[in-house]
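Report on one structure; see the data block that follows.
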Amino acid sequence: MNKKALKTLEYDKIIERLISHASSPMGKELCRNLEPSDDIDTIRRMQRETHDALSRLFKKGNISFGGASDIRPSLRRLDIGSSLNIPELLAICSLLENTARIKSYGRHDNTDVLPDVLDPLFDALEPLTPLSARIRSCILSEDEITDDASSTLKQIRRSMKQAGDRIHAQLSSLLNGSLRTYLQDAVITMRNGRYCVPVKSEYRGQVPGMIHDQSSTGSTVFIEPISIVKLNNDIRELENREQAEIEVILAGLSQEAAGYLEVIGYNLENMVELDFIFARASLAMDMDANEPLFNTEGRIRIRKGRHPLIDRQKVVPIDILLGDAFDLLIITGPNTGGKTVSLKTVGLLTLMGQAGLHIPALDRSELAVFREVYADIGDEQSIEQSLSTFSSHMTNVVSFLEKADKSSLVLFDELGAGTDPTEGAALAISILSYLHNQGIRTMATTHYSELKVYALSTPGVENASCEFDVETLRPTYRLLIGVPGKSNAFAISSKLGLPDYIIEEARSQISEEAESFEDVITSLEESRRTIEKEREEIASYKKEIEDLKSKFSEKHEKLEQRRDKIIQNAVDEANTILRDAKQYADQTMRDFQKFGKDHVDVNQMERERQALREEMNKLEKKKSGIDKPKVTSNLKPKDLNLGDAVRVLSLNLKGTVSSRPDSKGFLFVQMGIMRSKVHISDLQLIDEPVITAPSMQRTGTGKIKMSKSASVSTEINLLGKTVDEAVAELDKYLDDAYLSHLPSVRVVHGKGTGALRKGVHNYLRRQKYVENFHLAEFGEGDAGVTIVEFKK
Numbered sequence: 028m029n030k031k032a033l034k035t036l037e038y039d040k041i042i043e044r045l046i047s048h049a050s051s052p053m054g055k056e057l058c059r060n061l062e063p064s065d066d067i068d069t070i071r072r073m074q075r076e077t078h079d080a081l082s083r084l085f086k087k088g089n090i091s092f093g094g095a096s097d098i099r100p101s102l103r104r105l106d107i108g109s110s111l112n113i114p115e116l117l118a119i120c121s122l123l124e125n126t127a128r129i130k131s132y133g134r135h136d137n138t139d140v141l142p143d144v145l146d147p148l149f150d151a152l153e154p155l156t157p158l159s160a161r162i163r164s165c166i167l168s169e170d171e172i173t174d175d176a177s178s179t180l181k182q183i184r185r186s187m188k189q190a191g192d193r194i195h196a197q198l199s200s201l202l203n204g205s206l207r208t209y210l211q212d213a214v215i216t217m218r219n220g221r222y223c224v225p226v227k228s229e230y231r232g233q234v235p236g237m238i239h240d241q242s243s244t245g246s247t248v249f250i251e252p253i254s255i256v257k258l259n260n261d262i263r264e265l266e267n268r269e270q271a272e273i274e275v276i277l278a279g280l281s282q283e284a285a286g287y288l289e290v291i292g293y294n295l296e297n298m299v300e301l302d303f304i305f306a307r308a309s310l311a312m313d314m315d316a317n318e319p320l321f322n323t324e325g326r327i328r329i330r331k332g333r334h335p336l337i338d339r340q341k342v343v344p345i346d347i348l349l350g351d352a353f354d355l356l357i358i359t360g361p362n363t364g365g366k367t368v369s370l371k372t373v374g375l376l377t378l379m380g381q382a383g384l385h386i387p388a389l390d391r392s393e394l395a396v397f398r399e400v401y402a403d404i405g406d407e408q409s410i411e412q413s414l415s416t417f418s419s420h421m422t423n424v425v426s427f428l429e430k431a432d433k434s435s436l437v438l439f440d441e442l443g444a445g446t447d448p449t450e451g452a453a454l455a456i457s458i459l460s461y462l463h464n465q466g467i468r469t470m471a472t473t474h475y476s477e478l479k480v481y482a483l484s485t486p487g488v489e490n491a492s493c494e495f496d497v498e499t500l501r502p503t504y505r506l507l508i509g510v511p512g513k514s515n516a517f518a519i520s521s522k523l524g525l526p527d528y529i530i531e532e533a534r535s536q537i538s539e540e541a542e543s544f545e546d547v548i549t550s551l552e553e554s555r556r557t558i559e560k561e562r563e564e565i566a567s568y569k570k571e572i573e574d575l576k577s578k579f580s581e582k583h584e585k586l587e588q589r590r591d592k593i594i595q596n597a598v599d600e601a602n603t604i605l606r607d608a609k610q611y612a613d614q615t616m617r618d619f620q621k622f623g624k625d626h627v628d629v630n631q632m633e634r635e636r637q638a639l640r641e642e643m644n645k646l647e648k649k650k651s652g653i654d655k656p657k658v659t660s661n662l663k664p665k666d667l668n669l670g671d672a673v674r675v676l677s678l679n680l681k682g683t684v685s686s687r688p689d690s691k692g693f694l695f696v697q698m699g700i701m702r703s704k705v706h707i708s709d710l711q712l713i714d715e716p717v718i719t720a721p722s723m724q725r726t727g728t729g730k731i732k733m734s735k736s737a738s739v740s741t742e743i744n745l746l747g748k749t750v751d752e753a754v755a756e757l758d759k760y761l762d763d764a765y766l767s768h769l770p771s772v773r774v775v776h777g778k779g780t781g782a783l784r785k786g787v788h789n790y791l792r793r794q795k796y797v798e799n800f801h802l803a804e805f806g807e808g809d810a811g812v813t814i815v816e817f818k819k
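If you count by this note's numbering, then the sequence shown holds residues 28 to 819, one letter each, in order.
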């Protein structure tokens, strides 16, 4: 892809944003070198990688690859058998630890159904945990090796400490004894790695030893007493042995790391590649972008595309078609209407898509794969264009015509501008005709009416315009394909206050054909707006009809089901009645036959008839009960007391008696937040616990004594108890607290080993009346207290 097009279409600014989303130095370098590809398989693979990484970001959140520092020089040193220093080993350790974290991030959850293309990269990661743990156990920081790195190092450092203790002891005795009067200060100091004492300059001959330093004023000399010279020499020797042992330890760690040289190299490559992929996904999330479809037929279908460098709150999405019914699109309209933005949007989204980046457009947007994109877009749009500007643009056009082919996308901004309008328009038509005849996908913006006519009269060429509201003198930035744009110069000038006589004079200067053409465009634009408004209304009506149809179908289906159920119940009920009637009829016939054999027992017959009548009455009552179920109440005023739990039969609601019945049997019942006046015949006592004042005793069925629960504390202390003892006590306490309508309570279990807290939490998870629970905040008990909230 030519560099000029990348710069003209501001591809480099997209790359800068992409670099900011990478977290490792090598990942940023890959982002910096990203260029569009013209191989469709590579493009689709990169798009799929970006898509799968984006899915992981939505599911698991962001991840950093900052530990993937560039350790390639260290790996080359290991390859030739060199030993690494402490920072290099720590860098390898950091890479391996980060590898373990990234591999864990890459594992699929149970909700993941299908694997993605990133699985091989995650699976290839080998954390080498034993090696990283070994390095961490030996190296504390870039300046310190642990004592336990080797037994020899530990022994050396113990000896160094013992020697230092002996020196301090001996020097302390000197400071407090014979040397006291000669010293500047009674302190022990270090000079050139050896223990010394500060002696006044005039007494330097009184203290036998080696002078190692002198103060800036010359009043103090730092002398190593002769009695500790050997001890200082011992320490220096131990220090040399310590450094030699550290070199041995580092060599051992380096040799151990060299055994995994190839695996570490693979880890580094995979981590950097994943950082690169997730940077593309993070950029897509930031731009609210989607994966485009790709084809090799030169077809572009961008749905609600946005220029990625314009604020999302301000940019107007546009729909762009090219390469299907037409391969040349000519965009016309006034300045500042969005023509250049439309041109840049197509070019930039094409470059982004071919670089494996998602584009800020709706899903199922389609892009073509082009080997080259040529763009002649001038940032300076002025009516005072000089010859040099025209020459510059024409130089670009010449180079495009030499190199462009069917696999190229060509973009022109104000083609033919900067010279005589008649010649410029003719030249523009010739250039576009050549590209059109070659089948090269081309987009061009222009002011020339001749190009509008050319687009209307040439197959495979289409007009487009950027909508402009003359009433407000503001562009809407909507791209309208199939509608040629109008300059609106006269309308804009009139709105801005230019006298009508000047505008009329200007109209007389243009040909009738040109004016007629502009009028046709105006008529088309008005018709388009009318049709678009009517289309929106029709779409709204269609949606409303669909909703009504759906509701009607649903209601009809429910009625059908209800009718079938009613018929089935009626048939079952009728069968039952017929079966019962047949049984009684059969029994009656048998009785008549039995009574008629010898003699007729009238009394017995009457008893049988009465029994049959009672049975029929029962059936009739049963039928009446089915037709109209009714519940009656026989309560009397003396049966009710304040606070009784009752059910209001007509409303099927529970409530509490809040007043005594009056002379007509009416009383007030509190049902939640509603207090209603009902008749005593509409009430039914229910056996339900009623919470009363602490001093109340049991007053009737369903009432409980609340003196205990009402005094329940808001906190229980379980410190010192076993899990079984604590759970038993907690069970009773929570029952009392819940009956007392406490919104929440505190359970004090302490921190300790955490066993009691775990047991309490396991018990709370099984309680249905517990809404939720959590550890207390800092300052309220922290991890030693659990806050329990009850369901309301």
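Beta carbons are placed, not taken as given, at the ideal position from N, Cα and C, and that holds for glycine.
Exercise. Going by other Cβ atoms of all chains shown within 10 Å of its Cβ, with 16 needed for buried, is A316 buried or exposed?
Worked result: As a position in the sequence shown, residue 316 is number 289, starting the count at 1. A316 comes out buried.
For this session: Report yes or no: do three or more beta-carbon pairs, one from the segment 209–219 and one from the segment 294–312, lie closer than 8 Å?
Result: no
Problem set entry | Local conformation of P114 per DSSP, three classes | Locating residue 114 in the sequence shown gives position 87, where the first residue counts as 1. Of the three classes helix, strand and coil, the one that applies to P114 here is helix, per DSSP.
For this session: Tell me, please, which residues DSSP counts as bridged to L394.
Result: Counted from its first residue, the sequence shown places residue 394 at position 367. Paired residue(s): F321.
Problem set entry | Alpha-carbon to alpha-carbon, K433 and R468 | Here residue 468 refers to the residue found at position 441 of the sequence shown. Here residue 433 refers to the residue found at position 406 of the sequence shown. Rounded to whole angstroms, R468 to K433 spans 7 Å at the Cα level.
Problem set entry | Exposed unless 16 or more other CB atoms sit within 10 angstroms - verdict on Q588 | Here residue 588 refers to the residue found at position 561 when the sequence shown is read from its first residue. When all chains shown are included, Q588 counts as exposed.
Exercise. What do you get for F805, buried or exposed, if any count of 16 or more other CB atoms within 10 angstroms of its CB means buried?
Worked result: Counted from its first residue, the sequence shown places residue 805 at position 778. Label assigned to F805: exposed.
Exercise. Beta-carbon separation of Y760 and V772 under 9 Å?
Worked result: Position 733 of the sequence shown holds residue 760. Position 745 of the sequence shown holds residue 772. Yes.
Problem set entry | Beta-carbon gap between E37 and L375 smaller than 9 Å | Counting from 1 along the sequence shown, the entry for residue 37 is found at position 10. Counting from 1 along the sequence shown, the entry for residue 375 is found at position 348. It is a contact, given that the beta carbons lie within the stated cut-off.
For this session: Return helix, strand or coil for I713, following the three-state DSSP convention.
Result: Taking the first residue of the sequence shown as 1, we reach residue 713 at position 686. If DSSP states are grouped into helix, strand and coil, I713 belongs with coil.
Exercise. Just checking my contact of V144 with R75 at CB under 8 Å: how many whole Å lie between their CB atoms?
Worked result: The residue you call residue 144 lines up with position 117 of the sequence shown. The residue you call residue 75 lines up with position 48 of the sequence shown. Yes, they are in contact, since the Cβ atoms of V144 and R75 sit about 5 Å apart, within 8 Å.
Problem set entry | Bridge-paired residues (DSSP) for F800 | In the sequence shown, counting from the first residue as 1, residue 800 sits at position 773. The partner list for F800 (beta bridge, DSSP) reads V815.
Problem set entry | Among D175, Q182, A176, M217, nearest to H195 - alpha-carbon criterion | Position 168 of the sequence shown holds residue 195. The shortest Cα separation from H195 among D175, Q182, A176, M217 belongs to M217.
Exercise. So the beta strand (DSSP E) G332 belongs to, where does it begin and stop?
Worked result: In the sequence shown, residue 332 corresponds to position 305, counting from 1. Counting along the chain, the beta strand (DSSP E) containing G332 begins and ends at 327–332.
Exercise. Under 9 Å between the Cβ atoms of L20 and V400?
Worked result: The chain is shown from 28 up to 819; residue 20 falls before or after that span and cannot be answered.
Problem set entry | 7 Å Cβ shell around Q697 - same chain, five flanking residues per side excluded | On the sequence shown, position 670 is the one that residue 697 refers to. For Q697, where only same-chain residues beyond five positions count, the Cβ hits under 7 Å are G682, T683, S685.
Exercise. In or out: H583 buried (at least 16 other Cβ within 10 Å) or exposed?
Worked result: Taking the first residue of the sequence shown as position 1, residue 583 is located at position 556. Flag for H583 reads exposed.
Problem set entry | CB of M28 within 9 Å of CB of R307, strictly | Taking the first residue of the sequence shown as position 1, residue 28 is located at position 1. Taking the first residue of the sequence shown as position 1, residue 307 is located at position 280. In this structure, R307 does not lie closer than 9 Å to M28 by Cβ.
Problem set entry | Neighbourhood of I713 by C-beta, 6 Å cutoff - its chain only, sequence neighbours within 5 removed | Taking the sequence shown and counting its residues from 1, the one referred to as residue 713 is at position 686. A672, R674, listed in sequence order.
Exercise. What are the start and end residues of each continuous alpha helix (DSSP H) run of 4 or more residues lying completely inside the segment 66–146, in chain order?
Worked result: 67–87, 99–106, 113–133
Problem set entry | Whole-angstrom distance between E429 and E411, CA atom to CA atom | Against the sequence shown, residue 411 aligns to sequence position 384. Against the sequence shown, residue 429 aligns to sequence position 402. Note that E411 scores a pLDDT of 42, beneath 50, so its modelled location is shaky; the value from the coordinates is reported in the next line. Cα-Cα distance, rounded: 29 Å.
For this session: Tell me whether the beta-carbon of G88 lies closer than 9 Å to the beta-carbon of D302.
Result: In the sequence shown, residue 88 corresponds to position 61, counting from 1. In the sequence shown, residue 302 corresponds to position 275, counting from 1. Cβ distance not < 9 Å, so G88 and D302 don't count as in contact.
For this session: Ignore the nearest five residues each way along the sequence and tell me which others in L277's own chain have a CB closer than 6 Å to its CB.
Result: Start at 1 with the first residue of the sequence shown, and residue 277 comes out as number 250. Hits under 6 Å: S110.
Exercise. Going straight from the alpha carbon of T156 to that of S309, what length do you get?
Worked result: Numbered from 1 along the sequence shown, position 129 holds the residue referred to as residue 156. Numbered from 1 along the sequence shown, position 282 holds the residue referred to as residue 309. Distance between the alpha carbons of T156 and S309 is about 29 Å.
Exercise. For L394 versus I327, is the C-beta spacing smaller than 9 Å?
Worked result: Taking the first residue of the sequence shown as position 1, residue 394 is located at position 367. Taking the first residue of the sequence shown as position 1, residue 327 is located at position 300. Their beta carbons are under 9 Å apart, which means L394 touches I327 by this criterion.
Exercise. In whole angstroms, what is the alpha-carbon distance linking K818 and V812?
Worked result: Along the sequence shown, one-based indexing puts residue 818 at 791. Along the sequence shown, one-based indexing puts residue 812 at 785. K818 and V812: Cα-Cα distance of roughly 20 Å.
Problem set entry | Closest residue to P319 among R330, V256, A190 (Cα-Cα distance) | Counting from one through the sequence shown, the residue named residue 319 turns up at place 292. Of the candidates R330, V256, A190, the one whose C-alpha sits nearest the C-alpha of P319 is R330.
Problem set entry | Residue from E62, E300, F249, L384 whose Cα sits closest to the Cα of H78 | Within the sequence shown, the letter at position 51 stands for residue 78. The shortest Cα separation from H78 among E62, E300, F249, L384 belongs to L384.
Exercise. Skipping 5 residues on each side, what residues in its chain have a beta carbon closer than 8 Å to that of E756?
Worked result: Position 729 of the sequence shown, counting from 1, holds the residue named residue 756. I743, L745, K748.
Exercise. For R674, which of helix, strand or coil comes out of DSSP?
Worked result: To locate residue 674, count along the sequence shown from 1; it is residue 647. In this structure, R674 counts as strand in the three-state DSSP scheme.
Problem set entry | Coil, strand or helix - A810 by DSSP | The count along the sequence shown starts at 1 and reaches residue 810 at position 783. Residue state, collapsed to three classes: helix.
Exercise. Nearest to T372 by alpha carbon, out of A213, A388, G360, V739?
Worked result: Translated into positions along the sequence shown, residue 372 becomes position 345. Closest option to T372, Cα to Cα, is A388.
Exercise. If you scan the segment 255–330 from start to end, which runs of the alpha helix (DSSP H) of 4 or more residues do you find wholly inside it?
Worked result: Runs of the alpha helix (DSSP H) inside the segment 255–330: 256–285, 288–314.
For this session: Flag this pair as yes or no: are the beta carbons of F305 and A80 separated by less than 9 Å?
Result: In the sequence shown, residue 305 corresponds to position 278, counting from 1. In the sequence shown, residue 80 corresponds to position 53, counting from 1. Yes. Within cutoff.
For this session: Note down, one range per segment and in chain order, each alpha helix (DSSP H) of at least 4 residues found wholly within the segment 738–800.
Result: 750–766, 782–792
Problem set entry | CA nearest to the CA of A382, picked from L462, S64, L198, T741 | Indexing the sequence shown from 1 puts residue 382 at position 355. For the set L462, S64, L198, T741, the Cα lying nearest the Cα of A382 is the one of S64.
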